[in-house]
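The next block holds one structure in the form of structure tokens; read it before the comments.
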Amino acid sequence: MKKNVLAVVLVFAAIIGLRAQGPPPAQQMKLEDVQKALSLVDKPVPAPDKFKAGLEAITAKDSIAMLTYIASDLLEGRETATRGYALAAEYAASLFKMWGIKPAGDLPMRGGFRMGGGGGQAPQAPPEKTYFQEFALRETTDSQSEMTIEISKGSALKSRTFHGGADYQGGFGGMGGAAEGTVTAPVVFVGYGITEPSAGFDELKGLDLKGKIVLVLSDAPGRDNPLSPFQAKKELKDKYFPAPPQGDQMAMMMRGGPQRFNKLTEINKLGPAAIIQVANTGKDATIFNALSMVRKPSDERPIINKPRRRLSLASDTGGGMGMGGGVQSTTITREMANFLLEGTGQTIDDLKKKIETTMKPASMAVPGAKVTIATTAKTALVRGTNVLGIIEGSDPKLKDEYFVVGAHYDHNGAWEGYVFNGADDNGSGSVGVLNIAKAIAASPVKPKRTIVFALWTGEEEGLLGSRYYAQNPVFPIEKTVGYLNYDMISRPYDAETLARTMRAYSVPGAEEIVKKVRAPWFVSVNLTEGTPFADIAREMNQYVGLDLAFRFNALGVGGGGSDHSSFASVKVPYVYYMAAMTADYHQTSDSVEKVSGELIAKISQHGFLTIYAFADR
Ligand SMILES: [Zn+2]
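Okay, structure coming up:
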């Protein structure tokens, strides 16, 4: 079931949404634009001679052979900074070595010190690098949070302490993970926390939120009032009351689909110590039910209550609240909110009503209220490892420019006998990188520019490995001309899913085009606009015969979701391939017998040709 919902979103994004930031309504889409976004090849033609050896080095059989090891139970789900991941890393390094690919990682350690640091000794040949780029990660487990609300009225002081996970949702974690520390701050009520000039409505105007605890209502005013501008205006309704994403659809958004507007991100830019949110409508019982919910058993999915473990780049974390760039927020009950607001003589629902009837802000510093949030956690440093190899360019000048080919190698680990094998996610993309490495190694003439092969760690924990590389590049970022990303390239679409999609989104004439699309070879390709990627990809497709749908992003826009974002954030143009996402996504059922070796091989061949041509210009 979920597979279908998801595939609709994916294909819709690929075909209809030419730009990541808000696809235009389907009706406005011109037929030529749909055509331009697709590359369909009836019958592939033989590739030029210089590509032959490389293309032959990539086979479905070898792809499956490599993936069978990478996704085996023995590697225990390749969780970052575990033995299973280390075994996978050694495997890739030994393949690189076998194919004659040079190591591009750190210098070896000797006696506890990195070699090659000078030291006044007689000059000698520099020691050879390893295949591993290693770095410290901060591991956080057992995170707990407590919130104490103090209310002073005259000389009277009232105080209550609430517990994360029992009285309010979650802890204060944010995306950056470890948010240990204590913060005490006064409270500012910001209503719905909305700045919307087109509705003549600004609840944040003139407020100093820096270092404050911000109390905010979710959604926007007038959930049930058709006359509210937030209901009457379609753009505003879509912005503030979007249909809730479901299971896999949410995963899709996280993986490079259109990003939704998040008002908490906007509020966070004003530097609050923390944001506490109250549901616009709803009852406290809902929160308590959610907190006590145990997953229902399912025939298909095991119940895995794995303890929470968070990882962040050690170099990112300064400790304390508000670190890591994420929004420190949580949802509290109405009971807590009303206690907080005691000094105002009004309840949260009184204030909500006031805003909705007057459509005027009711923002204010909450009199007499002080909140202390204390978060504790166990932290330790662990070691993350990227695998890096290079093949030097053939042009004496242009070899000082680099093209990086990467995929994340880590996955979600194992727990009590259940293994998240991650065959598609992202054993398949890792095999894609290995395939391209082997193909370029097998090519008698190398591309003019140097090719860097990278298998990233920590993607599932927040793109940690690729982010570390982007911040600590082995080869200069300003000399890095492009990046190829593979994430989940082994599961083919089915015809039914594609057909349903086109019925759901009526693009004039598109049905005819889509009839020609062969679902099993359908691949969506995200790329940076204004680069030769699309033209080259289209040209090279005549030698491979995939059915490609291009989706363009502006330079610097990654859309989150996979390691291409780390390169987008340092303005390196990218091309990013993805096949179908299935119900096995992030489940223990993502196993090797479900993948298509042919699809991995074809996508690898297309990537090989595309980056070869791109790096050889
Ligand atoms: Zn992935």
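The C-terminal residue of the sequence shown carries number 614 in this note's numbering, and the numbering is unbroken. Backbone N, C-alpha and C define an ideal beta-carbon position, used for all residues, glycine too.
CA-to-CA distance, Gly410 to Val416, given in whole angstroms: Roughly 6 Å separates the two Cα atoms.
Strand pairing of Leu308, partner residues [DSSP]: DSSP output for Leu308 lists Glu136 as bridge partner(s).
Counted within 10 angstroms of its Cβ, other Cβ atoms place Ala122 as buried (16 or more) or exposed: Under a 10 Å Cβ-count criterion, Ala122 is classified as exposed, with fewer than 16 other Cβ atoms of the shown protein chains found around its own Cβ.
Pairwise C-alpha distance: Val569 and Pro444: Roughly 19 Å between the two C-alpha positions.
Cβ-Cβ distance between Gly403 and Asn469 below 9 Å: No, the Cβ-Cβ distance between Gly403 and Asn469 is not below 9 Å.
Distance cut-off 8 Å: Gly426 Cβ against heavy atoms of ligand 1: In this structure, Gly426 has its CB closer than 8 Å to one or more heavy atoms of ligand 1.
Span of the beta strand (DSSP E), counted from its first residue to its last, around His405: For His405, the enclosing beta strand (DSSP E) stretches over residues 399 to 405.
Integer-rounded CB distance, given that Ser425 should sit under 8 Å from Ile597: With 8 Å as the limit, Ile597 and Ser425 qualify as a contact, their Cβ atoms being about 5 Å apart.
Reduced DSSP category for Phe472 - H, G, I as helix; E, B as strand; rest coil: Of the three classes helix, strand and coil, the one that applies to Phe472 here is coil, per DSSP.
Sequence ranges, beta strand (DSSP E) only - wholly within the segment 174 to 222, length at least 3: Those beta strand (DSSP E) runs which fall completely within the segment 174 to 222 and span 3+ residues are 178 to 186, 210 to 214.
Spatially closest choice to Asp199 from Gly459, Pro358, His405, by CA coordinates: Among Gly459, Pro358, His405, the Cα nearest to that of Asp199 belongs to Pro358.
Cβ distance (whole Å) where Ala492 is taken to contact Val522 below 8 Å: Taking the Cβ atoms as the reference, Ala492 lies roughly 20 Å from Val522, outside the contact range of under 8 Å.
Pick from Trp96, Thr454, Arg298 that is closest to Arg80, judged by C-alpha positions: Nearest C-alpha to Arg80: Thr454.
Where Pro20 sits in the DSSP three-state scheme: Summary for Pro20: the model assigns pLDDT 39, below 50, so the residue's position carries little reliability; its value from the coordinates is reported in the next sentence. Correct three-state label for Pro20: coil.
Residues of its chain near Ile474, where Cβ-Cβ distance is below 6 Å and the 5 sequence neighbours each way are ignored: Cβ within range, chain order: Val567.
Delimiting residues of the alpha helix (DSSP H) encompassing Tyr82: 80 to 95 is the span of the alpha helix (DSSP H), which, as asked, contains Tyr82.
Within 9 Å, strictly: CB atoms of Leu395 and Arg446: If you check the CB distance, Leu395 and Arg446 come in under 9 Å.
Inter-residue Cα distance where the pair is Val449 and Arg488: For Val449 and Arg488, the distance between alpha carbons rounds to 26 Å.
Residues whose Cβ lies closer than 5 Å to any heavy atom of ligand 1, in chain order: This criterion selects Asp422, Asn423, Asp484.
Where Ser152 falls, given that 16 or more other Cβ within 10 Å makes a residue buried: A residue is called buried once 16 or more other Cβ atoms fall within 10 Å of its Cβ, and Ser152, having fewer, is exposed.
Pair within 9 Å by beta-carbon distance, Ser463 and His405: Yes, these two residues count as a Cβ contact at 9 Å.
Buried/exposed call for His160, threshold 16 Cβ in 10 Å: Flag for His160 reads exposed.
Unbroken beta strand (DSSP E) run spanning Leu481, endpoints: Going by DSSP, Leu481 is part of the beta strand (DSSP E) stretching over 477 to 483.
Spatial distance of Asp281 from Ala271 (CA atoms): Here the C-alpha atom of Asp281 lies approximately 21 Å from the C-alpha atom of Ala271.
For Gly479 and Glu526, the rounded distance between their alpha carbons: Rounded to whole angstroms, Glu526 to Gly479 spans 12 Å at the Cα level.
Alpha-carbon to alpha-carbon, Thr607 and Gln25: Note that Gln25 scores a pLDDT of 46, beneath 50, so its modelled location is shaky; the value from the coordinates is reported in the next line. Cα to Cα, Gln25 sits roughly 31 Å from Thr607.
Terminal residues of the alpha helix (DSSP H) in which Phe564 lies: Counting along the chain, the alpha helix (DSSP H) containing Phe564 begins and ends at 561 to 565.
Of the listed residues Met575, Ile352, Leu134, Ile300, nearest to Ala377 (C-alpha basis): Measuring from the Cα of Ala377, the nearest candidate turns out to be Leu134.
Rounded straight-line distance, which links the Cα of Asp581 to that of Gly558: Rounded to the nearest angstrom, the two C-alpha atoms are 17 Å apart.
7 Å CB neighbourhood of Glu595 in its chain, flanking five on each side removed: So the qualifying residues of the chain are Ala57.
Own chain partners of Ile259 with C-beta closer than 7 Å, once the 5 adjacent residues on each side are dropped: Residue 259 is actually Asn in this sequence, not Ile. Answer for Asn259: no residue qualifies.
Where the beta strand (DSSP E) through Leu545 begins and ends: First-last of the beta strand (DSSP E) with Leu545: 544 to 550.
Span of the beta strand (DSSP E), counted from its first residue to its last, around His160: Looking at the DSSP string, the run of the beta strand (DSSP E) that includes His160 is 153 to 160.
Integer-rounded CB distance, given that Ile352 should sit under 8 Å from Tyr644: The displayed coordinates of the chain run from -2 to 614. Any statement about residue 644 would go beyond what the structure contains.
Reference Ala576; option with closest CA among Gln602, Trp518, Ser586, Tyr540: The option with the nearest alpha carbon to Ala576 is Trp518.
According to DSSP, residues forming a beta bridge with Met144: Met144 pairs with Phe159, Ile370.
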